[in-house]
Amino acid sequence: MIEELAVGAQFNLPYIHVLVNNSYLGLIRQAQRGFEIDYCVQLAFENINAPEINGYGVDHVAVVEGLGCKAIRVFDPNELQNAFAEAKRLMAEHRVPVVVEIILERVTNISMGTEINAVNEFEELAERGVDAPTAISLLD
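Counting from 1 along the sequence shown, just add 359 to a position and that's the residue number in our numbering.
Here it is, written out as structure tokens:
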């Protein structure tokens with residue numbers, strides 16, 4: 360839901376909101392795949408009006424800024440640390456939510472679940488540092 364962003368902007372509630380973009384209405388597609396429904400229900404969205412996102416669906420930066428918040432888009436995983444530092448700066452300066460949109464590979468499956476203790480992972484979780492060499496915190 361995006362309404363919380365407008366509320367956060369209206370009441371000056373600064374926080375960082377991470378948004379992952381796989382160019383799909385992905386949770387719908389993933390839910391279908393769980394039931395072996397793998398036919399085209401046109402969940403991809405090629406946004407021809409936002410060339411800066413290379414057809415990657417919704418221009419979340421424009422939407423977020425339209426709600427009175429700030430946003431940063433990240434294409435390169437190596438830029439995540441800088442993006443979060445910039446998000447913290449914007450959050451402190453403007454006292455509003457800051458969205459960090461991370462562009463993923465198309466059709467990437469996202470962890471999902473109905474409760475925090477019932478999340479379905481599509482890949483094995485990293486358990487050691489060698490499993491996640493770019494992790495910010497150490498696992499070992």
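Beta carbons are placed, not taken as given, at the ideal position from N, Cα and C, and that holds for glycine.
query: Do A365 and G427 have their beta-carbon atoms positioned less than 8 Å apart in this structure?; result: yes
query: Out of S470, R487, E460, N479, which one is the CA nearest neighbour of V377?; result: E460
query: Can you give the beta carbon distance from V433 to I412, rounded, assuming they're within the 8 Å contact cut?; result: Their Cβ separation, rounded to whole angstroms, is 12 Å, which puts V433 and I412 out of contact at 8 Å.
query: Is the distance from the Cβ of V455 to the Cβ of A430 below 8 Å?; result: no
query: Ignore the nearest five residues each way along the sequence and tell me which others in Q369's own chain have a CB closer than 8 Å to its CB.; result: G427
query: Cutting at 6 Å between CB atoms, please list the residues of its own chain near A409, excluding the five before and the five after it.; result: D418
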